[in-house]
Structure formats: structure tokens, C-alpha cells
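If you're matching them up, the sequences are chains A and B in order. The numbers in this note's numbering rise by one with no breaks, and the one at position 92 of the first sequence is 92. The numbers in this note's numbering rise by one with no breaks, and the one at position 96 of the second sequence is 96.
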Amino acid sequence: DSGVTQTPKHLITATGQRVTLRCSPRSGDLSVYWYQQSLDQGLQFLIQYYNGEERAKGNILERFSAQQFPDLHSELNLSSLELGDSALYFCASSVAYRVGTGELFFGEGSRLTVL
Amino acid sequence: GQQLNQSPQSMFIQEGEDVSMNCTSSSIFNTWLWYKQDPGEGPVLLIALYKAGELTSNGRLTAQFGITRKDSFLNISASIPSDVGIYFCAGMSYGGSQGNLIFGKGTKLSVKP
């Protein structure tokens with residue numbers, strides 16, 4: 001158990017819909033990262049937050065957005081869903097003094113299926 | 001953009017055998033890491049390497065940071081069934097945030113008892 005909690009574990013929805021994935025980082029970790037894992041693309045970085053502020057942005061689509069709240073939990077919002085958005089979405093957190101080292105603690109992921 | 005070429009894509013070995021996998025890049029990285037992902041789980045950090053030429057062990061696992069900074073390898077000795085999973089290399093450039101952590105596409109390891 002990494003200490004990073006993600007909900008829901010599984011989600012099935014239809015094209016055009018909107019979903020929200022939730023992540024609680026490990027106790028004390030200030031940074032939250034979102035990754036997308038699909039079969040053909042591997043792990044792709046989406047976005048990073050540090051203590052409520054956006055810190056880095058990767059290949060995140062405009063239809064996707066995220067935020068980190070004062071209690072440090074984060075939400076990833078996916079809208080106007082397309083079939084190609086079906087993937088595993090991982091949240092990860094890192095210890096504040098180890099930010100920049102690549103040492104991440106991943107949650108178990110949220111599996112999104114778009115039909 | 002930066003890419004990591006990880007090989008082999010998959011391996012099917014007998015329990016007790018040693019395993020070797022590697023990761024190469026056309027770009028220089030200042031940090032190399034190896035993660036393992038079990039089925040239904042998120043990746044877990046195995047080994048982190050921060051210095052060119054560094055050789056680090058974690059139990060039966062040994063990883064090295066290539067001298068050119070463009071490659072890294074992971075060896076697993078005397079494999080056991082619980083070694084099954086997908087192994088990912090990851091690299092980070094100098095001065096990069098965690099957002100610049102680039103992952104390889106993984107090596108899927110299967111172990112036959």
C-alpha cells in the first residue's frame with residue numbers, strides 16, 4: 001500500500017460524458033501528479049500540482065483539467081469523453097524534500113472505459 | 001520529444017534464471033529510475049540512480065547508470081515467481097521537475113515455476 005488513494009477504481013461511461021477522478025496523496029506529501037497509461041502509449045505525464053498550485057504540464061488535452069485543493073487532495077476532470085480516452089489514470093505523490101528526484105508513490109489507478 | 005527505448009518488450013523465463021533488461025535514449029538524463037508494476041497495481045519504485053556510472057543493488061536487483069548518461073540496465077538474479085510484472089525505466093533531465101520524468105514502455109516479465 002503506497003498510501004496514495006484513488007477513487008473510483010473502475011468507471012464505465014459513454015462518449016461525450018464528463019467524469020471526475022479523485023486522488024488523496026500520502027500524508028505529508030505536497031505534490032500530486034497525474035499520469036495516463038494506455039496499452040500503446042505507456043505512462044504519459046499529464047499534470048503536476050504542488051501545494052495547490054500547478055507546477056508542470058505534460059500532454060494534457062484541453063478537455064482535461066485538474067486542481068489541487070487546500071487539503072491537498074486532487075481531482076482530474078475529463079470532459080467530452082472519446083473512445084480513445086479509455087485508459088488507466090494514475091495519481092502519484094512525492095515527499096516535499098524529494099521533489100525533482102523522480103521518486104514517486106503511485107496509487108492503484110482508476111480504470112476508465114468509454115463506450 | 002524525448003523517448004526511452006526499453007528492451008526487451010517481454011521475457012518468459014524459468015524460475016531461478018537471471019534477467020537483464022535495458023533502456024536507451026538519444027538524450028542525456030541526469031537521473032535514471034526503475035519501477036515495477038504488478039497486475040492491478042500502480043508502479044512501485046525499485047531503484048534510483050543519480051550519478052553516471054553508479055551501480056546500485058536492492059536485494060536481487062542491480063541497476064546501473066550508463067557512463068554516457070544515455071542508458072541504464074536492470075538485472076534480476078535468481079528470479080522467483082513474484083518477480084512477474086512489468087518493469088519500467090524512467091529518466092529525468094537535469095533541472096527537470098517531476099513532470100519531465102519520461103517512462104519507457106516497459107518490459108513484461110513472466111516467470112515459469
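For glycine and all other residues, C-beta sits at the position ideal for the given N, C-alpha and C. Just so it is clear, the structure is predicted and the values come from calculations on it, not from any experiment.
> What is the DSSP secondary structure of A:Gly84, counted as helix, strand or coil?
Replying inline: Looking up residue 84 of chain A in the first sequence gives position 84. Residue state, collapsed to three classes: helix.
>> I'd like the span of the beta strand (DSSP E) that includes A:Thr113, first residue to last.
In response: Taking the first residue of the first sequence as 1, we reach residue 113 of chain A at position 113. For A:Thr113, the uninterrupted beta strand (DSSP E) segment begins and ends at 110-114.
> Buried or exposed: which applies to A:Arg63, given that a residue is buried once 16 or more other Cβ atoms fall within 10 Å of its Cβ?
Replying inline: Along the first sequence, one-based indexing puts residue 63 of chain A at 63. When all chains shown are included, A:Arg63 counts as exposed.
> Would DSSP call A:Asp29 helix, strand or coil?
Replying inline: Here the question's residue 29 of chain A lines up with position 29 in the first sequence. Coil.
> What separation, rounded to the nearest whole angstrom, lies between the Cα atoms of B:Val44 and A:Phe106?
Replying inline: Within the second sequence, numbered from 1, the residue matching residue 44 of chain B stands at position 44. Within the first sequence, numbered from 1, the residue matching residue 106 of chain A stands at position 106. Looking at the two C-alpha atoms, the distance is approximately 7 Å.
> Mind pulling the chain B residues with CB within less than 9 Å of A:Thr101?
Replying inline: Working through the first sequence from its first residue, we reach residue 101 of chain A at position 101. Chain-ordered, the chain B residues with CB closer than 9 Å to the CB of A:Thr101 read Thr31, Leu33, Ala48, Tyr50, Met92, Gln98.
> For B:Ser82, which of helix, strand or coil comes out of DSSP?
Replying inline: In the second sequence, counting from the first residue as 1, residue 82 of chain B sits at position 82. Helix, per DSSP.
>> Taking a contact to mean a Cβ-Cβ separation below 8 Å, would you say A:Ser110 touches A:Ser31 in this structure?
In response: Counting from 1 along the first sequence, the entry for residue 110 of chain A is found at position 110. Counting from 1 along the first sequence, the entry for residue 31 of chain A is found at position 31. Contact check for A:Ser110 against A:Ser31 fails: the beta carbons are separated by 8 Å or more.
> What residues from chain A crowd round B:Leu101, counting only those whose CB sits closer than 7 Å?
Replying inline: Residue 101 of chain B sits at position 101 when you count from the first residue of the second sequence. Chain A residues near B:Leu101: Phe45, Gly102.
>> DSSP has A:Arg22 in a bridge; who is on the other side?
In response: In the first sequence, the residue the question calls residue 22 of chain A occupies position 22. Answer by DSSP bridge pairing, in chain order: A:Thr7, A:Glu75.
> If you compare alpha carbons, which of A:Gln44, A:Gly52, A:Gln37 is closest to A:Glu75?
Replying inline: As a first step, residue 75 of chain A is located in the first sequence; it is residue number 75 there, counting from the start. The shortest Cα separation from A:Glu75 among A:Gln44, A:Gly52, A:Gln37 belongs to A:Gly52.
> A:Leu21: buried (16+ other C-beta within 10 angstroms of its C-beta) or exposed?
Replying inline: One-based indexing of the first sequence puts residue 21 of chain A at position 21. With 16 or more other CB atoms across the displayed protein chains lying within 10 angstroms of its CB, A:Leu21 is buried.
> Shorter than 8 Å from the beta carbon of A:Gly107 to some beta carbon of chain B?
Replying inline: Within the first sequence, numbered from 1, the residue matching residue 107 of chain A stands at position 107. Yes, its Cβ sits closer than 8 Å to a Cβ of chain B.
> How is B:Asn30 classed by DSSP in three states: helix, strand or coil?
Replying inline: The count along the second sequence starts at 1 and reaches residue 30 of chain B at position 30. Secondary structure at B:Asn30: coil, using DSSP grouped into helix, strand and coil.
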